[in-house]
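Be aware that the sequence shown starts at 11, since it is given in the working numbering, and climbs by one per residue.
Ideal Cβ positions, reconstructed from N, Cα and C, are used throughout, including at glycine.
Owing to the predicted nature of the structure, the values given are computational and were not obtained by experimental measurement.
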Amino acid sequence: MSDLSSEPEWLTIPALVNLLGMSQSRVRHLIDDKYLLAIRRDNVVSVPSLFLRDGAPVPELRGTLFVLADDGFTDMQAMTWLLEVDDSLGVAPIEALRAGRKAEVRRVAQALA
11 MSDLSSEPEW LTIPALVNLL GMSQSRVRHL IDDKYLLAIR RDNVVSVPSL
61 FLRDGAPVPE LRGTLFVLAD DGFTDMQAMT WLLEVDDSLG VAPIEALRAG
111 RKAEVRRVAQ ALA
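#1: Could you give the first and the last residue of the continuous alpha helix (DSSP H) run that contains T84?
#2: Classify S56: buried if its beta carbon has 16 or more other beta carbons within 10 angstroms, exposed otherwise.
#3: Does the contact criterion of 3 or more C-beta pairs under 8 Å hold for the stretch 21 to 28 versus the stretch 45 to 60?
#4: Between V77 and S98, how many whole angstroms is the CB-CB distance? I'm expecting something under 8 Å.
#5: For Q34, is the classification buried or exposed, using 16 other Cβ atoms within 10 angstroms of its Cβ as the cut-off for buried?
Now the structure itself:
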């Protein structure tokens, strides 16, 4: 399992507020409603920049997060799976989602149950 701290860019809540042009409350709702996935890193809530595209959450992420939650994944397990290269996809699942491979990613996620 790779170390998530080696990922290139993580955004804090204040950074997301600035980047998305939303209130802190609205950003927290995006996380609570599974439009974004956040974990605590060094006691700071953070979101990988890969989860954003064109100044908004990657739309395909939300449904995938629900599939993973239904499979019993914790937030940390879901984060790890999304960021690590998956052998069946050939890339990290978040990269596949960003490339428009939503159905394939969700099939792989469902098979993890």
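According to the structure data:
#1: Going by DSSP, T84 is part of no alpha helix (DSSP H) at all; its letter is neither H nor E.
#2: S56 should be labelled buried.
#3: These segments touch.
#4: Approximately 15 Å separates the beta-carbon atoms of V77 and S98; this is outside 8 Å, ruling out the contact.
#5: It is exposed - the Cβ of Q34 has fewer than 16 other Cβ atoms within 10 Å.
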